[in-house]
Amino acid sequence: MTKLRICIFSFLIIAVHSRPQGPAGQEIKIISQTNEISPEGGYQWSYETENGIKAQETGTLKKGKGGPDGEDAIVAQGSYSYTDKEGNQISLQYVADDEGGFQPQGAHLPTSPQFHPIFKKP
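First residue of the sequence shown? That's 1 in the UniProt record's numbering, and the numbers climb one at a time after it.
Take a look at the structure:
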């Protein structure tokens with residue numbers, strides 16, 4: 001009888017802890033969405049949501065010397081934008097390729113400090 005009570009109590013604890021822990025979020029609808037794949041190996045996708053999130057990307061196939069072993073590679077470029085919790089518009093543009101990797105650009109991104117050489121050339 002004690003084993004049965006332990007099993008039932010264990011199942012109750014598991015059931016309580018496995019329920020969703022937070023309040024259900026607001027459902028955000030997708031206003032527009034595209035997704036295209038070309039026979040040449042490229043692609044294009046984009047979407048926009050009703051709360052102002054926008055994203056798009058285009059990828060093209062780079063033949064030949066693309067990857068580290070000389071195989072084909074995808075070169076992608078795109079952007080996304082949204083409004084943060086403080087009401088600021090965040091926009092980011094990027095390129096991703098086999099030579100430079102992911103290269104983001106945006107006004108909100110931190111910048112490196114300027115380099116000042118310690119020694120001056122004579």
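Built from N, CA and C at the ideal position, the CB exists for glycine as well.
Taking the CA atoms as reference points, Val75 sits about 56 Å from Ile8. For Lys54, the enclosing beta strand (DSSP E) begins and ends at Lys54 to Lys62. In the three-state DSSP reduction, Ile28 falls in the coil class, being neither helix nor strand. In this structure Ser79 touches Gln56 by the C-beta definition: roughly 6 Å separates them, less than 8 Å. Counting other Cβ atoms within 10 Å of its Cβ, Ala107 stays below 16 and is therefore classed as exposed. When rounded, the separation of the alpha-carbon atoms in Pro113 and Glu40 is 42 Å. Contact check for Gln33 and Tyr43: beta-carbon distance about 14 Å, past the 8 Å limit, so the pair fails to qualify.
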